[in-house]
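Visitor:
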Amino acid sequence: MTATRQPQTSTTAADNKEPALKLHPAADLFPMLDRDELLDLAESIRTEGQHEPIVLDSDGVLLDGRNRLAACEIAGVEPRFTTYTGTDHMRLIMSGNLFRWHISKGQQARNSPSIQDRWCIPAPVV
Numbered sequence: 704m705t706a707t708r709q710p711q712t713s714t715t716a717a718d719n720k721e722p723a724l725k726l727h728p729a730a731d732l733f734p735m736l737d738r739d740e741l742l743d744l745a746e747s748i749r750t751e752g753q754h755e756p757i758v759l760d761s762d763g764v765l766l767d768g769r770n771r772l773a774a775c776e777i778a779g780v781e782p783r784f785t786t787y788t789g790t791d792h793m794r795l796i797m798s799g800n801l802f803r804w805h806i807s808k809g810q811q812a813r814n815s816p817s818i819q820d821r822w823c824i825p826a827p828v829v
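Numbering of the sequence shown is given in our numbering, commencing with residue 704 and proceeding in unit increments.
1. Taking all protein chains shown into account, decide if arginine 794 is buried (16 or more other Cβ within 10 angstroms of its Cβ) or exposed.
2. Could you spell out where the alpha helix (DSSP H) holding leucine 766 opens and where it closes?
3. Among the residues of its own chain, which have a CB less than 6 Å from the CB of valine 758, if the five just before and after it don't count?
4. Closest to glycine 789 by CA distance: which of Ser761, Gly779 and Glu776 is it?
5. How long is the line joining the alpha carbons of alanine 773 and aspartate 791, rounded to whole angstroms?
6. Tell me, which residues are paired with isoleucine 757 by DSSP?
7. Roughly how many whole angstroms lie between the Cα atoms of leucine 726 and phenylalanine 733?
8. Can you pull the DSSP bridge partners for leucine 726?
9. Do leucine 736 and asparagine 770 have their CB atoms nearer than 8 Å?
10. According to DSSP, is tryptophan 804 part of a helix, a strand, or is it coil?
11. Pull up the distance between the alpha-carbon of glycine 752 and that of isoleucine 777, whole angstroms please.
12. Helix, strand or coil, according to DSSP, for threonine 750 in the structure here?
Right, dumping it as structure tokens:
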């Protein structure tokens, strides 16, 4: 990944809505943090800074970091972005979201089949 320009964004994060960047459809399968968690993330970013950049593809489509972007808006912090230069957007989105701490086992189970069906990903071998 390499650093990139910061796109103009318009967010309504205070209403717990997603940022107005174009969002990759696979990333949209994952839930946003609830309002309290988003406010906690915003406070963390305000006091400690944004630890991980928001990931866009070369066309400016958001692949990972919706919650970070919304939290930066709430915190009044200019977000940092990076551009994913790889070719496997799905792998990046899956690794960045499916196994995150805020996705419960139930959400993983519920999202996995729809992701596998929609993107022709083989089911995991158990």
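Ideal placement from N, C-alpha and C gives every residue a C-beta, glycine not left out. This structure is a prediction, so every number in the text was calculated from the model and none was measured.
Guide: Result, derived from the coordinates:
1. In the sequence shown, the residue the question calls residue 794 occupies position 91. Label assigned to arginine 794: exposed.
2. Translated into the one-based positions of the sequence shown, residue 766 becomes position 63. Careful: leucine 766 lies outside any alpha helix (DSSP H), inside the beta strand (DSSP E) at 765-767.
3. For the purposes of this step, residue 758 is identified with residue 55 of the sequence shown, where counting begins at 1. The answer, listed in chain order, is Leu766, Asp767, Gly768, Thr785 and Tyr787.
4. Within the sequence shown, the letter at position 86 stands for residue 789. Nearest C-alpha to glycine 789: Ser761.
5. Residue 773 sits at position 70 when you count from the first residue of the sequence shown. Residue 791 sits at position 88 when you count from the first residue of the sequence shown. Cα to Cα, alanine 773 sits roughly 25 Å from aspartate 791.
6. Reading the sequence shown from its first residue, position 54 is the one you call residue 757. Phe784.
7. On the sequence shown, position 23 is the one that residue 726 refers to. On the sequence shown, position 30 is the one that residue 733 refers to. Approximately 11 Å between the Cα atoms of the pair.
8. As a working note, residue 726 is residue 23 in the sequence shown. Per DSSP, Leu765.
9. In the sequence shown, counting from the first residue as 1, residue 736 sits at position 33. In the sequence shown, counting from the first residue as 1, residue 770 sits at position 67. Yes.
10. Numbered from its first residue, the sequence shown carries residue 804 at position 101. Its pLDDT being 49, under 50, tryptophan 804 is placed unreliably in this model, and the coordinates cannot settle the point.
11. For the purposes of this step, residue 752 is identified with residue 49 of the sequence shown, where counting begins at 1. For the purposes of this step, residue 777 is identified with residue 74 of the sequence shown, where counting begins at 1. C-alpha separation (whole angstroms): 13 Å.
12. What you label residue 750 is simply residue 47 of the sequence shown in a count that begins at 1. Looking at threonine 750 - three-state DSSP - the assignment turns out to be helix.
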